[in-house]
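Chemist: Pasting a structure here, questions to come.
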Amino acid sequence: INIYSLPPPSSLPVHSTIPLPLFPLLSLSFSLSPSLSLLPPQQTSRPTFFARKFEASVNQEIVTQLDSFLFGPYPQETPGLQSYWENVYDETDSVASLSDSQLTHYHAFTRMGLSRAATSLQGHPDNNSCRYISRGHPVSVHLYFLSDVFQGYLVRQHASNLATSQLETLETWVSHSNHFTLAPTTNTLNRLQFAEVGTDWDAKERVFRNFGSLLGPTEEPVAMQRWGRGQNVTVTVVWVDPTNVIAATYDILVDGGTEYTHYRPPLSVPLRPGVWTLRVLHHWNLLASTSFVVSPLEYHDQQPIRQEDTVKLHSGPVRNSYMEQSFHGLNPILNLPVHLGQVEEAEFKASLTGAELQSWVDHLLSGVWSAADVCSQGPSSCPVMQRCRETGWSALSPDPKSDLGPPRGSGRIR
12 INIYSLPPPS
22 SLPVHSTIPL
32 PLFPLLSLSF
42 SLSPSLSLLP
52 PQQTSRPTFF
62 ARKFEASVNQ
72 EIVTQLDSFL
82 FGPYPQETPG
92 LQSYWENVYD
102 ETDSVASLSD
112 SQLTHYHAFT
122 RMGLSRAATS
132 LQGHPDNNSC
142 RYISRGHPVS
152 VHLYFLSDVF
162 QGYLVRQHAS
172 NLATSQLETL
182 ETWVSHSNHF
192 TLAPTTNTLN
202 RLQFAEVGTD
212 WDAKERVFRN
222 FGSLLGPTEE
232 PVAMQRWGRG
242 QNVTVTVVWV
252 DPTNVIAATY
262 DILVDGGTEY
272 THYRPPLSVP
282 LRPGVWTLRV
292 LHHWNLLAST
302 SFVVSPLEYH
312 DQQPIRQEDT
322 VKLHSGPVRN
332 SYMEQSFHGL
342 NPILNLPVHL
352 GQVEEAEFKA
362 SLTGAELQSW
372 VDHLLSGVWS
382 AADVCSQGPS
392 SCPVMQRCRE
402 TGWSALSPDP
412 KSDLGPPRGS
422 GRIR
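Numbering-wise (our numbering), the sequence shown opens with residue 12 and increments by one.
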């Protein structure tokens, strides 16, 4: 690993170009360990070549170090010093830039915020000053990180106040919760530390680029497992859909030094909406499990979805078969009974539209997402509504480290 540091700012001429090797903490590492996975696509160690890049959504420290080299460190009490906001959507992009799953999730997040605002005046059920109706599509969406940890989404939305009919711009912070659970076992072979399902897995940075795993019926999800070091172990991974249909199962040989494994089973789409379960087993004994939500879609081609499209997209794959091979013989072994009532309920929900579909979406997402806070961009008719610039989390709150101004006489921006 080679670590470079910048020369003192005073030794650099104004408008000078900094050679690439002088950037701090640029590293290159090699791994000669062969993969021992039973699955060829399985990632078991870091890629052969690995170089850190300046990406604050992964690690903001390197950016802060460079900033400190050039301009000196900020005081520790500086607002937003450990925070990072990344814009992933703005209304100027138009909703055509969003997938139907993203648009569905963002609208649901807005409703969570409006619901939180409506309950903020406890003890005053007839007071509508904190009740709102959303207008149009979201204005903007940001990812929010604190100390390099993903904190959730910030969704800004125009909404009309029911008491005054005043149009306000509110921002909702929704936070995500995972449902990973280790089995209560004393098995010393259980090296498993964490498991998660998502899309856009970045094997180099070891993160899902689809932060929070916003999944819809047409996604191609990946299962990731993180391991501690120990003995070689072979585990079985089982995917279970909302009606207890076993969608996929496969074995993974985890080498003693392996830290991460991941695999995307070739599941037929559409995936059935609802709460899915991923189980990790050793000799058919449960090591751990996690659940994740595949949300139904409120929109198709960025328009409110029609019933003929909901039936196509929300009924699961043809013949309820996610792969050519059937795994229904494993249901008794895994104690996963398939109840007719579950199947009938799923078929009924597959045809929902309008407000009923919206309620289904909200119910599913409330199991993994919740409104942590809500604020107003400008003046608000809600007496307890805080201004966004006065919070510590809003994308509109102070962030001095990111302020950019015109160049000074020295040629520097700060």
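Backbone N, C-alpha and C fix where the C-beta goes; we use that ideal spot for every residue, glycine too.
Label residue 380 either buried or exposed according to how many other C-beta atoms from any shown protein chain fall within 10 Å of its C-beta, with 16 as the threshold for buried.
Modeler: Here residue 380 refers to the residue found at position 369 when the sequence shown is read from its first residue. Result: buried.
Chemist: Alpha carbons only, please: which of 284, 401, 351, 403 is nearest the one belonging to residue 112?
Modeler: Within the sequence shown, numbered from 1, the residue matching residue 112 stands at position 101. Among 284, 401, 351, 403, the Cα nearest to that of residue 112 is on 284.
Chemist: Given residue 204, which residues of its chain have a CB within under 7 Å of its CB, disregarding the five upstream and five downstream residues?
Modeler: By 1-based counting over the sequence shown, the position of residue 204 is 193. So the qualifying residues of the chain are 237, 238, 239.
Chemist: Check whether the stretch 244 to 260 and the stretch 340 to 349 are in contact - that is, three or more C-beta pairs closer than 8 Å.
Modeler: The stretch 244 to 260 is in contact with the stretch 340 to 349.
Chemist: Suppose you measure from the CA of residue 294 to the CA of residue 233; what does that come to, to the nearest Å?
Modeler: In the sequence shown, residue 294 corresponds to position 283, counting from 1. In the sequence shown, residue 233 corresponds to position 222, counting from 1. Their backbone Cα atoms lie some 23 Å apart in a straight line.
Chemist: Enumerated in chain order, which unbroken segments of the beta strand (DSSP E) with a length of 3 residues or greater are wholly contained in the stretch 98 to 166?
Modeler: The qualifying runs are 143 to 145, 151 to 157.
Chemist: Measuring straight from C-alpha to C-alpha, what distance separates residue 166 and residue 244?
Modeler: Walking along the sequence shown from the start, residue 166 turns up at place 155. Walking along the sequence shown from the start, residue 244 turns up at place 233. C-alpha separation (whole angstroms): 43 Å.
Chemist: Which runs of the beta strand (DSSP E), 3 residues or longer, sit entirely within the stretch 212 to 243?
Modeler: If we require 3 residues or more, the beta strand (DSSP E) runs fully inside the stretch 212 to 243 come out as 233 to 238.
Chemist: My understanding is that residue 311 touches residue 360, with C-beta atoms under 8 Å, so please give their C-beta distance in whole angstroms.
Modeler: Taking the first residue of the sequence shown as 1, we reach residue 311 at position 300. Taking the first residue of the sequence shown as 1, we reach residue 360 at position 349. So it is not a contact: roughly 16 Å between Cβ atoms.
Chemist: Tell me which residue opens and which closes the beta strand (DSSP E) that residue 380 is part of.
Modeler: As a position in the sequence shown, residue 380 is number 369, starting the count at 1. Residue 380 -> beta strand (DSSP E) spans 380 to 387.
Chemist: What are the start and end residues of the alpha helix (DSSP H) that includes residue 354?
Modeler: As a working note, residue 354 is residue 343 in the sequence shown. Run containing residue 354: 351 to 360, per the alpha helix (DSSP H) assignment.
Chemist: Using beta-carbon positions only, say whether residue 286 and residue 253 come within less than 9 Å of one another.
Modeler: Counted from its first residue, the sequence shown places residue 286 at position 275. Counted from its first residue, the sequence shown places residue 253 at position 242. Yes, these two residues count as a Cβ contact at 9 Å.
Chemist: From residue 135 to residue 389, what does the alpha carbon distance come to, in whole angstroms?
Modeler: Taking the sequence shown and counting its residues from 1, one reaches residue 135 at position 124. Taking the sequence shown and counting its residues from 1, one reaches residue 389 at position 378. Computed Cα separation, rounded: 24 Å.
Chemist: Closer than 7 Å by C-beta to residue 369: which residues in its own chain qualify, once you throw out the five before and the five after it? Chain order, please.
Modeler: For the purposes of this step, residue 369 is identified with residue 358 of the sequence shown, where counting begins at 1. Hits under 7 Å: 309.
Chemist: Looking only at C-alpha atoms, which of 419, 385, 397 sits nearest to residue 126?
Modeler: As a first step, residue 126 is located in the sequence shown; it is residue number 115 there, counting from the start. Nearest of 419, 385, 397 to residue 126, Cα basis: 385.
Chemist: What does the alpha-carbon distance come out to for the pair residue 348 and residue 356?
Modeler: Your numbering for residue 348 matches position 337 in the sequence shown. Your numbering for residue 356 matches position 345 in the sequence shown. Going by the C-alpha atoms only, they are around 15 Å apart.
Chemist: Could you spell out the range, first to last residue, of the beta strand (DSSP E) harbouring residue 186?
Modeler: Translated into the one-based positions of the sequence shown, residue 186 becomes position 175. Counting along the chain, the beta strand (DSSP E) containing residue 186 begins and ends at 178 to 187.
Chemist: On the three-state DSSP scale, how would you describe residue 73?
Modeler: Position 62 of the sequence shown holds residue 73. Reduced to three states, the DSSP call for residue 73 is helix.
Chemist: Considering Cα atoms alone, identify which of 102, 85, 322, 140 is closest to residue 364.
Modeler: Taking the first residue of the sequence shown as position 1, residue 364 is located at position 353. Closest by alpha carbon: 322.
Chemist: Just to confirm, is the Cβ distance from residue 163 to residue 186 under 9 Å?
Modeler: On the sequence shown, residue 163 is found 152 positions in, with the first residue counted as 1. On the sequence shown, residue 186 is found 175 positions in, with the first residue counted as 1. Yes.
Chemist: What's the gap between the Cα of residue 407 and the Cα of residue 225?
Modeler: As a working mapping, residue 407 is identified with position 396 in the sequence shown. As a working mapping, residue 225 is identified with position 214 in the sequence shown. Distance between the alpha carbons of residue 407 and residue 225: 24 Å.
Chemist: Spatial neighbours of residue 297 within its chain, please: C-beta separation below 8 Å, excluding the five flanking residues on both sides.
Modeler: For the purposes of this step, residue 297 is taken as the residue at position 286 of the sequence shown. Cβ neighbours of residue 297 beyond the five flanking positions: 194, 196, 290, 291.
Chemist: State the start and end residues of the unbroken beta strand (DSSP E) segment that holds residue 68.
Modeler: Within the sequence shown, numbered from 1, the residue matching residue 68 stands at position 57. Here residue 68 belongs to no beta strand (DSSP E), and DSSP marks it neither H nor E.
Chemist: With a threshold of 6 Å on Cβ separation, who are the neighbours of residue 139 within its own chain once the five nearest residues in sequence on each side are excluded?
Modeler: Numbered from 1 along the sequence shown, position 128 holds the residue referred to as residue 139. Cβ within range, chain order: 173, 174.
Chemist: List the residues that DSSP assigns as beta-bridge partners of residue 315.
Modeler: One-based indexing of the sequence shown puts residue 315 at position 304. Looking at the DSSP assignment, residue 315 forms a beta bridge with 310.
Chemist: With burial defined as no fewer than 16 other Cβ atoms inside 10 Å of the residue's Cβ, what is the status of residue 318: buried or exposed?
Modeler: Taking the sequence shown and counting its residues from 1, the one referred to as residue 318 is at position 307. Label assigned to residue 318: exposed.
Chemist: Since I believe residue 178 is in contact with residue 169 (beta carbons under 8 Å), could you give me their beta-carbon distance rounded to a whole number of angstroms?
Modeler: By 1-based counting over the sequence shown, the position of residue 169 is 158. By 1-based counting over the sequence shown, the position of residue 178 is 167. 6 Å between Cβ atoms; contact.
Chemist: Over the uninterrupted beta strand (DSSP E) stretch that includes residue 300, give me the two end residues.
Modeler: On the sequence shown, residue 300 is found 289 positions in, with the first residue counted as 1. Element bounds for residue 300: 296 to 305.
Chemist: Going by other Cβ atoms of all chains shown within 10 Å of its Cβ, with 16 needed for buried, is residue 146 buried or exposed?
Modeler: To locate residue 146, count along the sequence shown from 1; it is residue 135. Classification for residue 146: exposed.
Chemist: Pull up the DSSP beta-bridge partners for residue 263, would you.
Modeler: Stepping through the sequence shown from its first residue, residue 263 is reached at position 252. Answer is 246, bridged to residue 263.
Chemist: Buried or exposed: residue 374, going by 16 or more other Cβ atoms within 10 Å of its Cβ?
Modeler: In the sequence shown, residue 374 corresponds to position 363, counting from 1. Counting Cβ neighbours within 10 Å, residue 374 comes out exposed, since fewer than 16 surround it.
Chemist: Classify residue 431: buried if its beta carbon has 16 or more other beta carbons within 10 angstroms, exposed otherwise.
Modeler: Beyond the ends of the chain as shown, which are 12 and 425, falls residue 431; an answer cannot be given.
Chemist: Using the rule of at least 16 other Cβ atoms within 10 Å of the residue's Cβ for burial, across every protein chain shown, is residue 346 buried or exposed?
Modeler: On the sequence shown, position 335 is the one that residue 346 refers to. Exposed.
Chemist: Roughly how many angstroms lie between the CA atoms of residue 106 and residue 420, to the nearest whole one?
Modeler: Position 95 of the sequence shown, counting from 1, holds the residue named residue 106. Position 409 of the sequence shown, counting from 1, holds the residue named residue 420. C-alpha separation (whole angstroms): 42 Å.
Chemist: Taking just the CA atoms, how far does residue 352 sit from residue 87?
Modeler: To locate residue 87, count along the sequence shown from 1; it is residue 76. To locate residue 352, count along the sequence shown from 1; it is residue 341. C-alpha separation (whole angstroms): 58 Å.
Chemist: DSSP puts residue 168 in a beta bridge; with which residues?
Modeler: The count along the sequence shown starts at 1 and reaches residue 168 at position 157. Paired residues: 181.
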